[in-house]
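Undergrad: Take a look at this one; I'll ask things after.
2 protein chains.
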Amino acid sequence: MSLLVVGSVALDSVETPFGKEDEVLGGSATFFSTAASFFTPVRLVAVVGEDFPERHIDFLKARGVDLSGLVRREGKTFRWKGRYGFELNEAKTLDTQLNVFQHFVPELPPAFQSSEYVMLGNIHPDLQSKVVDQVQSPKLVAMDTMNFWITGENAALRKTLRRVDMLFVNDAEARQLAGEHNIIKAARAILSMGPKRLVIKRGEYGSLLFDGDHIFGLPAFPLTDVFDPTGAGDTFAGGFLGYVARAGKIDHPTLRQAMVAGTVMASFTVEKFSLERLRTLENREINERLATVKRLTHFEDLGDATRIV
Amino acid sequence: MSLLVVGSVALDSVETPFGKEDEVLGGSATFFSTAASFFTPVRLVAVVGEDFPERHIDFLKARGVDLSGLVRREGKTFRWKGRYGFELNEAKTLDTQLNVFQHFVPELPPAFQSSEYVMLGNIHPDLQSKVVDQVQSPKLVAMDTMNFWITGENAALRKTLRRVDMLFVNDAEARQLAGEHNIIKAARAILSMGPKRLVIKRGEYGSLLFDGDHIFGLPAFPLTDVFDPTGAGDTFAGGFLGYVARAGKIDHPTLRQAMVAGTVMASFTVEKFSLERLRTLENREINERLATVKRLTHFEDLGDATRIV
């Protein structure tokens, strides 16, 4: 089934305690579409500048990503520079140069307007809303957001939230958006803002899915070497929606499986810098980790376990 | 099967953002034995002072806890005073009065020496070792510890660790003990110190079990109202070992189920102050939550989920 992502394609400069890379391929739409492409064909809408290396275009094409919505504008490509501390939980942004991204207004090629599954990457909520205007009868529209929009564009964000089916956020964003520390209460508050489904990503602590009244909790994939968390959230969403689009249905059992797919794709991403791990990733490795997550989480029924005193 | 716990019985004064209680029933052995008593009979070894209220003795007796190892000494009962902030993740200790606990040397009544399952509560590692000296041929000896012993009595702690089968610690303690931030690496380092099994408790983020080469991850029970986290770790261990002792076996599937029992018992404890929630807890409620944890965590096989590009 058709999966569309609208977001950023960027050149990232990242520093972690384990190394440093300058101007490597990054951006929410890049990570998302690469991860999703392991499950389903993806359509990408984004903007790059004149300086965007052709080899990155070739890479995405080789992954089967439809780039007919990737426009090249006069000027430089969006650049982000960040640093992670030893705990690897949150990046400190050192520099952001929006460049051509500053005047980005997403326009869907006609062939993309019938996309059934849609991911609105982390851009201005008004632009996310403009994408919703352009899709005809999607089965599922999901979005990402961040603290910057929660504080700075709250009204616009609330408006967009009312128009989508699903939200991906991390712990801190969920708490901030809901104004509530307890994560279960925060989730319920967010579900009352519009989206019927919510994924809360908690880094090394795993993730939670709220789907109507259902809650599903999943630990993170156990990793001994976490190298660079950049793109983990976008590849989670990419694995999730890639799996959903491939299944062609959004019933609750499928969404649980999609959480597993998201967890596994994020686990690969963080093992190397940028998209490096995904470049060499094989289907076999993905399927192995999907099976490992089951061994990590399942247990036998306890039945009636108590005694009478 | 016989389950023995050695630890503290205390009077706690606790302050949380939701209320304040003075001199309520507390202590690691109290929380542990109460939780375990829902699964199996428990034997308790601890010390209290002359001022320890008889009604607390009556409560433990009513829970079927064998108190023939509870000694009453001249002086006052151990007192702990703590405060939790809004995030409810760690208590700030405001005051500790060891009182009769200062000269506590655990002595097992002869009938307790054949106990098959043993929990060494959070006391000086040398005293934990003295308990190991006194049990004849236990099937499983588990222990708890804390930052105070990890820094102040590291050599003694390492010695005790070599003599036990299992350790319960929280995230921060695991990292501190191993001198390693990555939690999987930290777990492996701890398993090389002696215990073949390790439970890492992560509060609202759930828990991890390491059993030889097996890893099992479990989210926390989803709660909208967390009132007082005091005793959560001890009731986790009590539910865990109570379940194991009831099953009478320590194979890997049983330990996974025990994680569920521990998670559920801890989830009740934190809903009210002190042991209040456990006082009114019914077997039916426990069994309901055991079933809920399965619904929270299980998913259908994904099979071969990837596509060929």
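So the sequence lines, in the order shown, correspond to chains A and B.
The first sequence begins at 1 in my numbering and counts up by one.
The second sequence begins at 1001 in my numbering and counts up by one.
The beta carbon of each residue, even a glycine, is placed where N, CA and C say it ideally should be.
Computed from a predicted structure; not experimentally measured.
If you drop the 5 nearest sequence neighbours on each side, which residues of the same chain put their C-beta closer than 8 Å to that of Arg-1083 (chain B)?
TA: Around Arg-1083 (chain B): Val-1014, Glu-1015, Thr-1016, Ala-1091, Lys-1092 and Leu-1094.
Undergrad: Using DSSP's beta-bridge definition, name the partner residues of Leu-25 (chain A).
TA: Paired residue(s): A:Leu-11.
Undergrad: Can you give the Cα-Cα distance for Lys-185 (chain A) and Thr-1292 (chain B), rounded to whole angstroms?
TA: About 18 Å.
Undergrad: Taking the beta carbon of Thr-224 (chain A) as the centre, do at least 16 other beta carbons fall within 10 Å, making it buried, or is it exposed?
TA: Classification for Thr-224 (chain A): exposed.
Undergrad: Take the Cβ of Lys-201 (chain A) as the centre, count every other Cβ of all protein chains shown within 10 Å, and call the residue buried at 16 or more, exposed below.
TA: It counts as buried.
Undergrad: Going by DSSP, what residue range makes up the alpha helix (DSSP H) through Ala-172 (chain A)?
TA: Ala-172 (chain A) -> alpha helix (DSSP H) spans 171–178.
Undergrad: Residue range of the alpha helix (DSSP H) that Ser-129 (chain A) falls in?
TA: Start and end: 125–134.
Undergrad: Pull up the CB-CB distance for Val-9 (chain A) and Ala-46 (chain A), whole angstroms please, since I reckon it's below 8 Å.
TA: With 8 Å as the limit, Val-9 (chain A) and Ala-46 (chain A) qualify as a contact, their Cβ atoms being about 4 Å apart.
Undergrad: Compare the Cα-Cα distances from Ala-247 (chain A) to each of B:Ala-1245, B:Glu-1276, B:Arg-1307 and B:Arg-1284 and report the closest residue.
TA: When each option's Cα is compared against that of Ala-247 (chain A), the closest is B:Arg-1307.
Undergrad: For Arg-1073 (chain B), I'd like the list of residues in its chain whose CB is within less than 7 Å of its CB, leaving aside the five on either flank, ordered along the chain.
TA: Contacts found: Val-1047, Gly-1049 and Val-1100.
Undergrad: Can you say whether Arg-55 (chain A) is buried or exposed, counting buried as having 16 or more other CB atoms within 10 angstroms of its CB?
TA: With fewer than 16 Cβ atoms within 10 Å of its Cβ, Arg-55 (chain A) is classed as exposed.
Undergrad: Determine the contact status of Leu-275 (chain A) and Phe-31 (chain A), defining contact as a CB-CB distance below 8 Å.
TA: Their beta carbons are under 8 Å apart, which means Leu-275 (chain A) touches Phe-31 (chain A) by this criterion.
Undergrad: Is Thr-1145 (chain B) near Glu-1173 (chain B), with beta carbons less than 8 Å apart?
TA: Yes, Cβ-Cβ distance for Thr-1145 (chain B) and Glu-1173 (chain B) is below 8 Å.
Undergrad: Could you tell me how far apart the beta carbons of Gly-1064 (chain B) and Leu-1044 (chain B) are, in whole angstroms, since I believe they sit closer than 8 Å?
TA: So it is not a contact: roughly 11 Å between Cβ atoms.
Undergrad: In the segment 248–278 of chain A, which residues sit with their C-beta less than 8 Å from some C-beta in chain B, listed in chain order?
TA: Correct list: Pro-253, Arg-256, Gln-257, Met-259, Val-260 and Ala-261.
Undergrad: Identify which residue in B:Asp-1165, B:Ser-1192, B:Gln-1136 and B:Arg-1277 has its Cα closest to the Cα of Pro-1229 (chain B).
TA: Of the candidates B:Asp-1165, B:Ser-1192, B:Gln-1136 and B:Arg-1277, the one whose C-alpha sits nearest the C-alpha of Pro-1229 (chain B) is B:Arg-1277.
Undergrad: In this structure, what does DSSP give as the bridge partners for Ala-1091 (chain B)?
TA: B:Tyr-1084, per the DSSP bridge assignment.
Undergrad: Please report how far the alpha carbon of Lys-1294 (chain B) lies from the alpha carbon of Gln-113 (chain A), in whole angstroms.
TA: One C-alpha to the other measures close to 40 Å.
Undergrad: With burial defined as no fewer than 16 other Cβ atoms inside 10 Å of the residue's Cβ, what is the status of Ala-62 (chain A): buried or exposed?
TA: So Ala-62 (chain A) ends up on the exposed side.
Undergrad: Between the C-alpha atoms of Arg-256 (chain A) and Leu-1302 (chain B), what's the straight-line distance to the nearest angstrom?
TA: Rounded to whole angstroms, Arg-256 (chain A) to Leu-1302 (chain B) spans 10 Å at the Cα level.
Undergrad: Distance cutoff 8 Å, beta carbons only. Does Asn-147 (chain A) sit that close to anything in chain B?
TA: Judged by the 8 Å Cβ criterion, Asn-147 (chain A) is not in contact with chain B.
Undergrad: If you count every other CB in all the chains shown that lies within 10 Å of the CB of Pro-1253 (chain B), and 16 or more means buried, which is it?
TA: Exposed.
Undergrad: Here's the rule I'm using: 16 or more other beta-carbon atoms within 10 Å means buried, otherwise exposed. How should Ala-1245 (chain B) be labelled?
TA: Buried, since its Cβ has 16 or more Cβ neighbours within 10 Å.
Undergrad: Within 10 Å of its beta-carbon, does Ile-1170 (chain B) have 16 or more other beta-carbons around it, so buried, or fewer, so exposed?
TA: Note on identity: in this sequence residue 1170 (chain B) is Asn, with Ile being the wrong assignment. Asn-1170 (chain B) is buried by the Cβ-count criterion.
Undergrad: Since Glu-300 (chain A) meets chain B, which of its residues come closer than 9 Å, beta carbon to beta carbon?
TA: Ordered by position in chain B, the residues that pass the 9 Å Cβ test against Glu-300 (chain A) are Pro-1253, Thr-1254, Arg-1256 and Gln-1257.
Undergrad: Report yes if the C-beta distance between Ser-1137 (chain B) and Arg-1163 (chain B) is below 8 Å; otherwise report no.
TA: Not closer than 8 Å, so no.
Undergrad: DSSP three-state label for His-1322 (chain B), please.
TA: Limits of chain B in this structure are 1001 at one end and 1309 at the other, which puts residue 1322 (chain B) out of reach.
Undergrad: Mapping DSSP to helix, strand and coil, what is Met-265 (chain A)?
TA: Three-state result, Met-265 (chain A): helix.
Undergrad: I'd like the list of long-range same chain contacts for Val-1105 (chain B), defined as Cβ closer than 8 Å, with 5 residues on each side in sequence excluded.
TA: Cβ within range, chain order: Leu-1127 and Lys-1130.
Undergrad: Scan the segment 1218–1241 of chain B for residues whose Cβ lies nearer than 8 Å to a Cβ of chain A and list them as they occur along the chain.
TA: Residues passing the 8 Å Cβ filter: Leu-1218, Pro-1219, Ala-1220, Pro-1222, Leu-1223, Thr-1224, Asp-1225 and Val-1226.
Undergrad: So, are the CB atoms of Gly-1203 (chain B) and Ala-1220 (chain B) less than 8 Å apart?
TA: Cβ atoms of Gly-1203 (chain B) and Ala-1220 (chain B): closer than 8 Å.
Undergrad: Between His-1181 (chain B) and chain A, is any beta-carbon pair separated by less than 8 Å?
TA: Yes, because at least one Cβ of chain A sits closer than 8 Å to the Cβ of His-1181 (chain B).
Undergrad: Measure the Cβ-Cβ separation of Val-270 (chain A) and Phe-210 (chain A) and say whether it is below 8 Å.
TA: Not in contact: Val-270 (chain A) and Phe-210 (chain A) (Cβ atoms no closer than 8 Å).
Undergrad: Return the residues of the segment 1277–1293 of chain B that lie within a Cβ-Cβ distance of less than 7 Å from chain A, sorted by chain order.
TA: So the close ones are Asn-1283, Ile-1286, Asn-1287 and Leu-1290.
Undergrad: Within 8 Å of any Cβ in chain B, is that where the Cβ of Lys-201 (chain A) sits?
TA: Chain B, which has no Cβ nearer than 8 Å to the Cβ of Lys-201 (chain A), makes this no.
Undergrad: Drop a sphere of 10 angstroms on the beta-carbon of Pro-1310 (chain B), count the other beta-carbons inside from all chains shown, and report buried for 16 or more, exposed for fewer.
TA: Here chain B comprises residues numbered 1001 to 1309, so residue 1310 (chain B) is not present and cannot be evaluated.
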